[in-house]
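Heads up: the structure comes next, in structure tokens.
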Amino acid sequence: MELINLTMIWALIIGFGIMMYILMDGFDLGVGILYPFAPDEHARDVMMNSVAPVWDGNETWLVLGGAGLLAAFPAVYSILLPALYLGVFLMLAGLIFRGIAFEFRFKSTRNRHWWNVAFSGGSYVATFCQGVVVGAYIQGFATEGHVYVGGAFDWLTPFTVITGLALVAGYALLGATWTILKSEGEVQAWAYRITPKLLIAVLVGFGVISLYTPFVDEYVRERWFNHIGMFWVFPVLALCCAAFIWRAVSKRLEGQPFVATLGLFLFTYLGLIFSKWPYLVPPDITIWDAASDPGAQLFLLIGVLFVIPIVLGYTAWSYWVFRGKVQDGGYH
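Position in the sequence shown (first residue = 1) + 374 = the numbering used here.
Below is the structure:
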């Protein structure tokens, strides 16, 4: 029972960390995705300055989720990394290029164009690879015991390409609504114009994935259609958020589109988790199969219970300090 309780607690912690990363880092990756389509260089300055104070703090949640996964569920690493080596490497490379571009773009005026390319390209690569990883998780992995026995490119399928593209559209929507919140004038007007188009792209992408998923995952198909009342509540809530985004944008509201987009992602994420629960490495390895020794889980839990409040406090404080519209001159 002790193992079950600790394992459940760690599953909740890691799920929370991943969720926070998606919500927090999603919008600044989205800003990078929209970067090439900004109306002018001033708009690009505003967009980058809107995320400059918070982007590195947002990535803390990725570190927390990844480190927690290694500590609490080490068997996951022995399976997922061999299955996703190239995808994970490309994702990290994209995040590195994006981070470097943040610092160098404002200092290296002669090569600013290339740093713009690095910022946007890194955002595209990182986002697409994250979507591919999600798609690979949905379709499952070929395993024998706790060993991956599939091929090096089994993660790259038509389904995972669709999930990758859908996440690019989703993060772009987050970036657009964030830009509405943080900008004004022509930059904000441009963000208002593109948000409905991005919302349609997201709904189409998520709709295709929802129709495709039952054909690639028998377990999800059985859960969805045998427990319709339970598992369709999340899509309904996500659609309600989408309708609210459309209404808020049409009324030129500023904060509500971003909050509703966060809700859209939250309910989609919860729907995925509940559809796959309790499998951590589909199709047959559960959280209890992959869990580490209960003593190790307890020892690490004591530390993480101190870390999470600190990270939450720092995050809340930084967003409070840098609240409001981006001012000329930015934060660099």
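No residue lacks a Cβ here, since even glycine has one placed at the ideal position from N, Cα and C.
The DSSP assignment places 429 to 432 and 434 to 446 as complete runs of the alpha helix (DSSP H) inside the segment 423 to 459, in order along the chain (cut-off: 4 residues).
Secondary structure of leucine 638 (DSSP, three-state): helix. Taken through DSSP and simplified to helix, strand or coil, glutamate 518 comes out as strand. Aspartate 402 counts as buried, since no fewer than 16 other beta carbons sit within 10 angstroms of its beta carbon. The C-beta separation of glutamine 630 from alanine 617 comes to about 12 Å, leaving the pair out of contact by the 8 Å criterion. Around the C-beta of tryptophan 651, fewer than 16 other C-beta atoms lie within 10 Å, and the residue is accordingly described as exposed. When beta bridges are read from the DSSP output, tyrosine 653 appears opposite Thr660. Taking a C-beta distance under 7 Å as the contact criterion, tyrosine 451 and threonine 501 do not qualify as a contact pair. Between alanine 664 and phenylalanine 447, the C-beta spacing is below 7 Å. The Cβ neighbour count for aspartate 658, taken over all protein chains shown within 10 Å, is under 16; the residue is labelled exposed. Inclusion of glycine 404 and glycine 549 in the CB contact set at 7 Å is warranted, their separation being smaller than that value. In terms of Cα proximity to glycine 406, the closest of Ile583, Glu628, Ala492 and Gln562 is Ala492.
The way I'd put it, the segment 580 to 591 doesn't touch the segment 562 to 570; fewer than three beta-carbon pairs between them come closer than 8 Å. Judged by their CB atoms, threonine 434 and valine 685 are nearer to each other than the 7 Å cut-off.
For tyrosine 409, there is no enclosing alpha helix (DSSP H), as DSSP gives it neither H nor E.
Inclusion of isoleucine 619 and threonine 635 in the CB contact set at 7 Å is warranted, their separation being smaller than that value.
Annotated three-state conformation of alanine 526 is coil, per DSSP.
Annotation: the continuous alpha helix (DSSP H) that includes phenylalanine 618 extends over 607 to 624. The Cβ atoms of lysine 699 and glutamate 592 do not sit closer than 7 Å to each other. Taking the Cα positions, isoleucine 661 is about 23 Å away from phenylalanine 639. Here glutamate 592 carries a helix assignment [DSSP, helix/strand/coil]. Using a Cβ distance threshold of 7 Å, serine 692 and valine 506 do not count as a contacting pair.
Boundaries for leucine 627: no alpha helix (DSSP H) harbours it, and the DSSP string shows neither H nor E there. Around the beta carbon of tyrosine 688, a 10 Å sphere encloses fewer than 16 other beta carbons of the protein chains shown; the residue is thus reported as exposed.
Here alanine 665 carries a coil assignment [DSSP, helix/strand/coil]. The criterion of a C-beta distance shorter than 7 Å is not satisfied by serine 424 and lysine 625.
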